[in-house]
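J.: Quick one: structure below, then a few questions.
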Amino acid sequence: GVVQDDEEAVKLCTQAVEQGFAPAQLQLGSYHAKGKGGLAQNDEEAARLYRQAAEQGFARGQLALGDCYMHGKGVPPDNNHPIRAGGRSGFGRRTEQARPVLHAGLRRGARPRRC
Numbered sequence: 179g180v181v182q183d184d185e186e187a188v189k190l191c192t193q194a195v196e197q198g199f200a201p202a203q204l205q206l207g208s209y210h211a212k213g214k215g216g217l218a219q220n221d222e223e224a225a226r227l228y229r230q231a232a233e234q235g236f237a238r239g240q241l242a243l244g245d246c247y248m249h250g251k252g253v254p255p256d257n258n259h260p261i262r263a264g265g266r267s268g269f270g271r272r273t274e275q276a277r278p279v280l281h282a283g284l285r286r287g288a289r290p291r292r293c
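Right under this line is the structure:
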């Protein structure tokens with residue numbers, strides 16, 4: 179198998195983020211939130227990357243950003259923020275498609291590893 183190399187993963191994710199690839203935005207945000215891959219722990223940068231993924235309608239990015247708002251990680255805590263509440267405001271039509279994923283995760287008490 180391939181040996182895990184978080185620093186190489188950060189390089190590759192950064193390149194994909196520059197191309198606007200939502201899953202890479204989520205992954206790089208996770209590295210910032212955890213302080214992995216040679217990056218300093220930075221909740222603000224993690225939330226910024228999650229927002230980029232969320233704005234593209236990426237459900238896991240929306241869940242991660244909602245968790246950041248719920249816990250005040252990188253953003254002020256706000257349980258009424260549209261993404262936390264499962265609303266559409268600010269995230270367009272795709273949020274409606276992501277709603278079942280968001281609500282299922284929240285009902286199960288899911289908490290993304292990112293924040």
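For the sequence shown, my numbering begins at 179 and goes up steadily by one. Even glycine gets a Cβ: it sits at the ideal position worked out from N, Cα and C.
Which parts of the stretch 181-231 are runs of the alpha helix (DSSP H), unbroken and 4 residues or longer, counting only runs that do not cross its ends?
T.: If we require 4 residues or more, the alpha helix (DSSP H) runs fully inside the stretch 181-231 come out as 184-196 and 200-212.
J.: If you check the beta carbons only, do ALA232 and VAL253 fall under 8 Å apart?
T.: Here the question's residue 232 lines up with position 54 in the sequence shown. Here the question's residue 253 lines up with position 75 in the sequence shown. In this structure, VAL253 does not lie closer than 8 Å to ALA232 by Cβ.
J.: Put ASP256 into one of helix, strand or coil per three-state DSSP.
T.: In the sequence shown, residue 256 corresponds to position 78, counting from 1. Correct three-state label for ASP256: coil.
J.: Going by alpha carbons, who is nearest to SER208 out of CYS191, GLY198, GLU196 and TYR247?
T.: Your numbering for residue 208 matches position 30 in the sequence shown. Measuring from the Cα of SER208, the nearest candidate turns out to be CYS191.
J.: Tell whether a beta-carbon distance below 8 Å holds between ASP221 and LYS251.
T.: Taking the sequence shown and counting its residues from 1, one reaches residue 221 at position 43. Taking the sequence shown and counting its residues from 1, one reaches residue 251 at position 73. Contact: yes.
J.: What number of angstroms, rounded off, separates the C-alpha of GLY239 from the C-alpha of VAL181?
T.: The residue given as residue 239 occupies position 61 in the sequence shown. The residue given as residue 181 occupies position 3 in the sequence shown. GLY239 and VAL181: Cα-Cα distance of roughly 27 Å.
J.: Would DSSP call THR273 helix, strand or coil?
T.: Here residue 273 refers to the residue found at position 95 of the sequence shown. Any reading at THR273 must be qualified, since the residue scores a pLDDT of 49, below 50, and its modelled position is unreliable; no value is offered.
J.: Buried or exposed: GLN197, going by 16 or more other Cβ atoms within 10 Å of its Cβ?
T.: Start at 1 with the first residue of the sequence shown, and residue 197 comes out as number 19. Exposed is the call here.
J.: Helix, strand or coil: which one does DSSP assign to GLY235?
T.: For the purposes of this step, residue 235 is identified with residue 57 of the sequence shown, where counting begins at 1. The answer is coil: DSSP assigns GLY235 none of H, G, I, E or B.
J.: Give every residue of the same chain whose Cβ lies closer than 8 Å to the Cβ of ARG271, excluding the five residues on either side of it in the sequence, and list them in chain order.
T.: The residue you call residue 271 lines up with position 93 of the sequence shown. Caution applies to ARG271, whose pLDDT of 48 falls short of 50 and renders its modelled position unreliable; the value that the coordinates give is listed next. Excluding residues within five positions, the ones whose Cβ falls inside 8 Å are GLY235.
J.: Taking all protein chains shown into account, decide if GLN219 is buried (16 or more other Cβ within 10 angstroms of its Cβ) or exposed.
T.: Residue mapping note: residue 219 aligns to position 41 of the sequence shown, counting from 1. By the 10 Å Cβ count, GLN219 comes out exposed.
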